[in-house]
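Student: Line by line, the protein sequences are chains A and B.
So the mapping is simple: the numbering used here equals the position in the first sequence, first residue as 1, plus 6.
So the mapping is simple: the numbering used here equals the position in the second sequence, first residue as 1, plus 12.
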Amino acid sequence: GAVVSQHPSWVICKSGTSVKIECRSLDFQATTMFWYRQFPKQSLMLMATSNEGSKATYEQGVEKDKFLINHASLTLSTLTVTSAHPEDSSFYICSALGAYEQYFGPGTRLTVT
Amino acid sequence: AQSVTQLDSHVSVSEGTPVLLRCNYSSSYSPSLFWYVQHPNKGLQLLLKYTSAATLVKGINGFEAEFKKSETSFHLTKPSAHMSDAAEYFCVVSDQGNRDDKIIFGKGTRLHILP
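#1: Which residues does DSSP list as the beta-bridge partners of A:T117?
#2: Closer than 8 Å by C-beta to A:R43: which residues in its own chain qualify, once you throw out the five before and the five after it? Chain order, please.
#3: Considering only the beta carbon of each residue, do B:F102 and B:Y48 sit closer than 8 Å?
#4: If the cut-off is 7 Å on Cβ atoms, which residues from the region 52-83 of chain B count as contacting chain A, listed in chain order?
#5: In whole angstroms, give me the CA-to-CA distance for B:V69 and B:E76.
#6: Can the beta-carbon of A:I18 be found less than 8 Å from the beta-carbon of A:T117?
#7: How about A:L5 and A:V9: are their beta carbons less than 8 Å apart?
#8: With a floor of 3 residues, list each beta strand (DSSP E) that falls wholly inside the region 50-87 of chain A, ordered by position along the chain.
#9: Excluding the five sequence neighbours on either side, which residues of its own chain have a C-beta within less than 8 Å of the C-beta of A:F73, listed in chain order?
#10: Applying the criterion that 16 or more other CB atoms from any shown protein chain within 10 Å of the CB defines a buried residue, is B:M95 buried or exposed?
Below is the structure:
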């Protein structure tokens, strides 16, 4: 079946540095991918919709200059957290829309120290 | 190991009749449980969540779900379906806060509303 991978699965970085998270659809093409973040025991919060070949659509309250999204190919979307701060520590998860279903990645745990 | 099973991939109901979307889960810890709705080409929208408080959880748009530990179920219900309820629904279990970050998605149930 279709698989969506995320890399890395967990990352620890220092405050002020940037971190890139990759979301790949492994055996299908996805023109649309979604990025979410989740705090412990909280719900997923949609951050942005990533469309291949065009600019991402960000949800209200999400800083586009801080959370850079690039969907350069039909199988890869990246989320870069720029100048990370401890409040950016969270669980980031992506999903990819296939032809008939949506597939979720396993998530990336980001800890900013 | 955690898992989520949505028992029906498709559910069809007539407008004005009750909705029941079934979800069973397994978890080693005390999980948080969520129901999300997704309209075509849109992101997930939270309907409701259970986080160890009241077992009957009320959400948006008239939806509610009951956490039944003995049955390991968290079924989503609505007394009267509306055409705008036609969408994909995901049951999600989250076991974060323990050693491993786990968020498990059900495969989704597509709800069709018949006029």
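Where a beta carbon is used, it is the ideal one built from N, C-alpha and C, also for glycine.
Tutor: Here's the rundown:
#1: For the purposes of this step, residue 117 of chain A is taken as the residue at position 111 of the first sequence. Under DSSP, the beta-bridge partners assigned to A:T117 are A:I18.
#2: Working through the first sequence from its first residue, we reach residue 43 of chain A at position 37. Excluding sequence positions up to five before and after A:R43, its CB lies within less than 8 Å of the CB of L50, M51, M53, S96, F97, Y98 and I99, all in the same chain and listed in chain order.
#3: The residue labelled residue 102 of chain B in the question sits at position 90 within the second sequence. The residue labelled residue 48 of chain B in the question sits at position 36 within the second sequence. Contact: yes.
#4: The residues in question are N53, G55, L56, L58, K61 and T63.
#5: Position 57 of the second sequence holds residue 69 of chain B. Position 64 of the second sequence holds residue 76 of chain B. When rounded, the distance between both Cα atoms is 5 Å.
#6: For this step, residue 18 of chain A is matched to residue 12 along the first sequence. For this step, residue 117 of chain A is matched to residue 111 along the first sequence. Result yes, Cβ atoms of A:I18 and A:T117 sit closer than 8 Å.
#7: The structure shown does not extend to residue 5 of chain A, since chain A is modelled only from 7 to 119, so the question has no answer here.
#8: As far as the region 50-87 of chain A is concerned, its whole beta strand (DSSP E) runs of at least 3 residues are 51-57, 73-79 and 82-87.
#9: Residue mapping note: residue 73 of chain A aligns to position 67 of the first sequence, counting from 1. So the list reads W41, M53, A54, Y64, L85, T86, V87 and T88, once near-sequence residues are dropped.
#10: For the purposes of this step, residue 95 of chain B is taken as the residue at position 83 of the second sequence. Exposed is the call here.
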